[in-house]
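In full-length UniProt numbering, the protein residues as written are 1 to 140.
Glycine included, C-beta positions come from ideal geometry on N, C-alpha and C.
Since we're looking at a predicted model, the values are computed, not measured.
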């Protein structure tokens with residue numbers, strides 16, 4: 001199932017790059033904004049398992065492009081989907097240890113989530129929860 005999702009992601013990102021560049025693959029065009037420049041591999045943890053994606057790159061962008069190309073379906077620097085991180089947070093709230101959470105994620109086909117990442121996510125959750133608990137209530 002993960003390979004099907006990865007294929008769909010790859011296709012959608014290639015189409016998005018063509019739209020960004022305003023030219024198809026190998027198409028010569030006066031309105032072209034840059035060039036396709038290969039792919040970068042990325043692993044993304046999702047509820048369907050770990051996806052091995054080929055993220056399209058660009059080069060030679062014209063001045064009017066503004067932001068460099070990055071697919072909208074991905075978040076820069078994030079290796080896990082929000083759904084996976086919410087599942088980890090819920091396991092933490094219910095008292096599952098970080099090592100057990102890592103083992104559960106491996107059972108679901110998520111390969112790249114380590115106990116260290118689970119610990120980091122739970123620390124952020126602890127910090128947010130502590131800030132919320134200690135917030136000023138103001139006048140009631």
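Assuming residue i and residue j make a contact with CB atoms under 8 Å, what is their CB distance in whole Å?
| i | j | result |
| --- | --- | --- |
| residue 2 | residue 51 | 6 Å |
| residue 99 | residue 115 | 5 Å |
| residue 64 | residue 33 | 7 Å |
| residue 19 | residue 29 | With 8 Å as the limit, residue 19 and residue 29 do not qualify as a contact, their Cβ atoms being about 13 Å apart. |
Quick check on the burial criterion: 16 or more other C-beta atoms within 10 angstroms. Buried or exposed for residue i?
| i | result |
| --- | --- |
| residue 4 | exposed |
| residue 35 | exposed |
| residue 41 | exposed |
| residue 12 | exposed |
| residue 113 | buried |
| residue 67 | exposed |
| residue 101 | buried |
| residue 131 | exposed |
Using only CA atoms, which one of the options lies nearest to residue i?
| i | options | result |
| --- | --- | --- |
| residue 73 | 34, 35, 16 | 16 |
| residue 39 | 31, 55, 30 | 55 |
| residue 110 | 45, 18, 12 | 45 |
| residue 90 | 105, 77, 78, 76 | 105 |
| residue 126 | 60, 108, 92 | 92 |
Compute the distance between the beta-carbons of residue i and residue j, then report whether it is under 8 Å.
| i | j | result |
| --- | --- | --- |
| residue 48 | residue 85 | no |
| residue 78 | residue 70 | no |
I want to check one thing, is the minimum distance from the CB of residue i to the heavy atoms of the ligand SAM below 7 Å?
| i | result |
| --- | --- |
| residue 6 | Only the bare structure without any ligand can be found here, which leaves the ligand SAM out of the picture. |
Legend entry - Every unbroken beta strand (DSSP E) within the segment 19-106, with a cutoff of 3 residues, ordered by chain: 35-46, 49-59
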